[in-house]
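S.K.: Before I ask anything, let me first share the structure, which is written out below as structure tokens.
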Amino acid sequence: MMSLRLLGVALGLTACATMASPAPDGTRVESPPPAAPPTRATPPAKAPPRATFESEEFIVTLAEAEDTTATLAARYLGDAGKAWRIEAYMGARTFAVGQEVVIPKRDWNPAGVSPSGYQLVPVLVYHN
Numbered sequence: 000m001m002s003l004r005l006l007g008v009a010l011g012l013t014a015c016a017t018m019a020s021p022a023p024d025g026t027r028v029e030s031p032p033p034a035a036p037p038t039r040a041t042p043p044a045k046a047p048p049r050a051t052f053e054s055e056e057f058i059v060t061l062a063e064a065e066d067t068t069a070t071l072a073a074r075y076l077g078d079a080g081k082a083w084r085i086e087a088y089m090g091a092r093t094f095a096v097g098q099e100v101v102i103p104k105r106d107w108n109p110a111g112v113s114p115s116g117y118q119l120v121p122v123l124v125y126h127n
């Protein structure tokens, strides 16, 4: 019974809020319609994440516009000075958009040994 009374009061208040009210000169003035709720701004679209693969020794990614060995070394190795690693491994300083780039995490051939031979290092010795 109590809930029916509350429902009746709520309906009565709603009806009063939407009914016209008299103006000071006696004419009836319609109340303005309720304002539309504010819309939420949609966040800007984020760029899709880079396609990367990471192992213990290498990072493989796809180059984007303006990527160079220095920018990739700064992004993935934390130091633009390590760009020489990428240059030595890939044999290039710049890349085409979408080109696969392999980034070695460590010095990939510190001994200078390859299937075709080994690196010669001249040693100069000065005797007395």
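Everything in the sequence shown is counted per numbering that gives the first Met the number 0, starting at 0 for the first residue and increasing by one. Ideal Cβ placement from N, Cα and C applies to all residues, glycine included.
(1) Measure how close the beta-carbons of Ile100 and Phe94 come, nearest whole angstrom, since I'm counting them as under 8 Å.
(2) Would you mind reading off the limits of the alpha helix (DSSP H) that contains Glu86?
(3) Mapping the DSSP letters down to three states, classify Thr51 as helix, strand or coil.
(4) Go to Leu71, then tell me how far its alpha helix (DSSP H) extends in each direction, as first and last residue.
(5) How many angstroms separate the CA atom of Met91 from the CA atom of Ile85?
M.R.: So, to answer that:
(1) In the sequence as presented, Ile is not what sits at residue 100; that position holds Val. Contact holds; Cβ gap of about 6 Å.
(2) 82–89
(3) strand
(4) 68–71
(5) Checking the sequence, you will find Ala at residue 91 rather than Met. Taking the straight line from one Cα to the other gives about 8 Å.
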